[in-house]
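Residue numbers (UniProt numbering): 1 to 794.
All C-beta atoms in this analysis are idealised placements derived from N, C-alpha and C, irrespective of residue type, glycine included.
Note that the structure is predicted; figures quoted are calculated from it, not measured.
Input: a single structure, listed below in C-alpha cells.
Set out below in C-alpha cells:
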C-alpha cells in the first residue's frame with residue numbers, strides 16, 4: 001500500500017524508464033513495475049500507477065500530474081526538500097541520499113533532521129563500512145558531561161531546605177549555575193528542533209519538550225534574577241521557588257532516550273549491510289594470454305572470463321564455461337541442498353562454490369546482479385512503508401497548539417481582568433500551564449510500555465526490533481510462511497529405505513552409504529550419518545564419480561553402483577516401474593527420493609526428508625483459530641510443498657517461488673487491504689520480510705533474515721508468534737491506558753493552572769504544584785507500564 005506516499009508532493013514529469021524497467025507513478029512518485037495493472041493512456045503516452053487510488057487521482061486531473069520533461073517542481077507541500085520515494089540506489093551510484101524513517105517522502109543529499117518530525121535522517125542505502133553516527137557521539141558526549149550536574153541540582157532541590165545546606169536566594173543561584181550548562185548546552189539540539197517545528201508549522205514532540213523545558217528554565221531564571229517582581233505570596237524561606245531541576249532532568253532523560261533510539265535505529269541498516277557483505281571483494285580474471293590475476297570486483301566487466309576456486313564465492317552473475325562443482329545457492333533459494341553446476345549452466349554472484357574449480361563468463365555486473373537486485377528490493381520495501389505513527393504523535397500537533405493557546409489566553413485574561421498585579425499573575429499562571437503540560441508523561445506513555453514489553457518478550461524467546469512491530473502485530477490477518485527452516489527443521493534427515501525382491505533394505509542402505517562417503521551433498525550426509533548411527537559397517541568406495549546433480553556412480557566391493565534420481569536411472573536405461581508407486585507415495589509425504597542400482601539391476605530406493613517442526617502444527621492451527629490466514633511460500637518443489645502443507649492444514653501454497661515472488665505476494669495481499677506478516681529464515685526471505693507489515697525471522701536462520709525482520713523468534717519456533725501476538729494486544733492496550741493517564745492529568749491540571757477556580761477558592765496553582773502534578777502523571781505511566789511484566793503470554 002502506498003497511501004502514505006500519495007499524500008505528499010507530486011512529480012510533475014513524464015514517466016521515465018528506470019534501469020530495472022520500472023517507471024515512476026506520476027501521482028506519488030513510487031517506482032511502478034512493468035507489469036502493473038493500473039494503467040492510463042494520456043496524450044499518446046502510457047502511464048503506470050502503484051495503486052487504484054493514484055490511478056483515480058490521475059484520471060480526475062491528468063494535467064495536474066504531467067508537465068514537460070525536466071520539470072521537477074513539487075506541488076502541494078511547503079518543504080523544499082520534500083521529494084518522492086525513489087528506487088534505492090546502489091552504493092557508489094552518486095551522492096548518498098538520506099531519508100526519514102517516519103516520513104520516507106523526505107529525501108535530501110547528506111544527513112540532517114526531518115522537518116516534519118525532527119527525527120534524524122538516515123541513508124537510503126548504508127555503506128558497508130561506515131563511521132559511528134556523529135549525532136550519537138554528540139548526544140553521548142552531552143549526556144555524560146552534564147549528568148553529574150543534573151544529579152546534583154536534583155538532590156539540592158529535594159534536600160537542601162530540609163538539611164539546611166543553603167539558605168534563601170543562595171540556593172537559587174547555586175541551582176542556576178548547575179542547571180544552565182545542562183539546559184543551554186546539552187539541550188541546545190532540542191531547542192533547535194523545537195524552533196524548526198514551529199518554523200515548518202509542524203508541531204511535534206520537540207515542540208512540547210522545547211516549550212516545557214524553556215518555560216521551567218526561564219521562569220526559574222526570572223525568579224533568581226528579579227525575585228522582587230513576583231507576588232509576596234510566592235516567597236518562601238526568603239526565595240521564590242525555582243524549577244531548574246525539572247529543566248535539567250527533562251534534558252538528561254531526553255538525551256538518554258535519543259541515545260537508545262539512535263543505537264536501535266542503526267540496526268535497521270544491518271540487513272542491507274549483511275547483503276552487501278555477501279559479495280566477494282575480488283575476482284580472479286583469466287586474461288587473453290592465459291595468465292590469471294586477482295582484481296577488485298568493481299573492475300569486472302561483462303564478458304570477462306573468471307576462475308572460481310573451491311571454497312570461493314562466485315563474484316558476479318554469469319555462465320559456466322568449464323568444470324563441474326556443487327554450488328551452495330541457499331542465499332537465493334533458501335534450500336540447504338547445493339546445486340551441481342556444469343558447462344552451460346548459470347551462476348549467481350555471491351553463491352558459494354563448495355568444491356571443484358569453475359571457469360565462468362561474467363554476464364551481469366554491478367547493479368545488474370541478482371544480489372544487487374535483492375539489496376534494492378530490501379531497501380525499497382523498507383522505505384515504501386512508514387512506521388505506524390505513535391498515538392501521541394497523532395494528537396501532538398493539536399495538543400501543542402491547544403496548550404499554547406490556553407497559556408496565551410491565561411496570560412491575557414489575568415493581565416486584562418485579574419487583580420493587581422494582573423500581568424505578573426498572568427505570567428505565573430501561563431508558566432504553570434506550560435509546566436503542567438510538559439510532555440514527560442506523554443513522552444513516556446508509549447516508550448515505557450515498549451521497554452517493559454520488549455523485556456518481557458525477550459524472556460519468552462521473542463525479540464522485537466521496534467515499537468511499530470508490537471503495535472502492528474496484533475492487527476495482522478494474514479501470515480506468509482516459508483517452508484524450509486520455518487515450518488520444517490531445515491536439515492535433511494534419513495527417512496526410510498525400500499529394497500526389491502533381490503536386495504534387502506539393510507543391504508541397500510549399506511551399499512548406498514558406502515558409495516555416498518565420497519559425496520559432499522547434504523542428502524548424502526543424511527544417508528551416511530544414519531548408517532553410521534545404526535552401526536552399519538561401510539566399505540570404502542573403489543571409484544567415485546559425480547553425476548552432475550542427478551546422482552553419483554562408483555564401485556564398491558567390485559560392484560558397479562548408481563545412486564540418484566529418476567534422470568540418472570533413465571540415463572542408465574534402468575526400469576524403475578517396480579518402485580515408482582512407492583516413490584510417489586513418499587514424495588506426497590514430502591520426501592526426496594534416490595534410487596540405487598547394482599550392476600545394472602534396480603536394488604531399491606532411499607527417502608530423505610526435512611521433518612516438520614513439532615510445534616508447527618499447533619502454531620498453524622491456533623493462528624487459523626484466531627482468524628489469521630496462513631499461506632505457504634517456498635522455493636521448494638510444488639509437490640513437496642503441498643505435501644507439507646497438507647499435513648499442517650494449510651490450504652494456499654506457492655511453490656518454486658523466488659525472492660521477488662515472495663515480496664510481490666506480500667505486496668499484492670497488502671494491495672487488497674490485508675495486514676500481512678511474513679515468517680522466514682533465509683536470505684531469500686529478506687525482501688518479503690521487509691515488505692510485510694511485520695517481518696518475523698527464525699533465530700535459527702540467517703543474520704540477514706533476522707536483520708530484515710521486525711520480530712525474531714530466538715528458538716525458531718512458530719509458537720513464538722502466538723506469544724508475540726498476545727503480548728502485542730496487551731501492550732497496545734497498556735499504551736492507550738498510559739496516554740489516557742497523561743491526558744487526564746493535563747485535562748485536570750491545565751484548568752487549575754490557568755486559575756479558572758480562583759473565583760471559587762481564592763487560590764492559584766503554584767508552578768511547584770504543577771511540577772508535582774507532572775511528576776505524579778509520569779509516575780502513574782511508569783507504574784502502569786510495569787504491570788506488563790505480569791502479563792501471561794504462555
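Distance CB(residue i)-CB(residue j) smaller than 8 Å
i	j	result
residue 821	residue 538	Residue numbering for the chain in the displayed model covers 1 to 794; residue 821 lies beyond these limits and cannot be assessed.
residue 66	residue 97	no
residue 48	residue 38	yes
residue 314	residue 348	yes
residue 484	residue 619	no
residue 690	residue 482	no
residue 344	residue 320	yes
residue 693	residue 353	no
residue 712	residue 479	no
residue 494	residue 604	no
residue 739	residue 793	no
residue 325	residue 276	no
residue 723	residue 460	yes
residue 657	residue 633	yes
residue 146	residue 182	yes
residue 491	residue 710	no
Buried versus exposed, by CB contacts within 10 Å (16 or more), residue i
i	result
residue 382	Confidence at residue 382 is low in this model, with a pLDDT of 45, below 50, so its placement is unreliable and the value that follows should be read with caution. With 16 or more other Cβ atoms within 10 Å, it is buried.
residue 408	exposed
residue 677	buried
residue 46	exposed
residue 506	exposed
residue 306	buried
residue 534	exposed
residue 430	buried
residue 554	buried
residue 414	buried
residue 759	exposed
Backbone secondary structure at residue i - three-state DSSP
i	result
residue 137	helix
residue 543	strand
residue 49	coil
residue 113	strand
residue 591	coil
residue 789	helix
residue 43	coil
residue 724	helix
residue 606	strand
residue 449	helix
residue 349	coil
residue 368	helix
residue 576	coil
residue 165	coil
residue 482	coil
Beta-carbon contacts of residue i that lie in its chain and below 6 Å, excluding the five residues immediately before and after
i	result
residue 510	536
residue 194	206, 207 and 210
residue 688	662, 663, 666 and 678
residue 155	none
residue 589	643
residue 544	518 and 554
Contacts around residue i, its chain only, beta-carbon distance under 7 Å, and the 5 residues preceding and following it disregarded
i	result
residue 788	449, 452, 453, 456, 730, 731 and 734
residue 528	513, 516 and 517
residue 467	446 and 450
residue 616	487, 648 and 718
residue 258	139
residue 328	338, 351, 352 and 354
residue 556	511, 514, 515, 539, 541 and 542
residue 585	none
residue 524	516
residue 406	433, 750 and 754
beta-carbon residue i near the ligand PLP non-hydrogen atom, thresh 7 Å
i	result
residue 674	With respect to the ligand PLP, the structure offers nothing, as it holds no ligand at all.
Contact set for residue i: own chain, Cβ-Cβ below 8 Å, skip 5 residues either direction
i	result
residue 587	593, 639, 640 and 643
residue 582	498 and 605
residue 143	186, 252, 255, 256 and 259
- Okay, do the segment 357-370 and the segment 557-572 touch, 3+ Cβ pairs below 8 Å being the bar? no
- Query: How about the segment 242-252 and the segment 143-152: do they share at least three Cβ pairs that are nearer than 8 Å?
  - Reply: yes
- Message: Would the segment 648-665 count as touching the segment 742-757 if we require 3 or more Cβ pairs under 8 Å?
- Response: no
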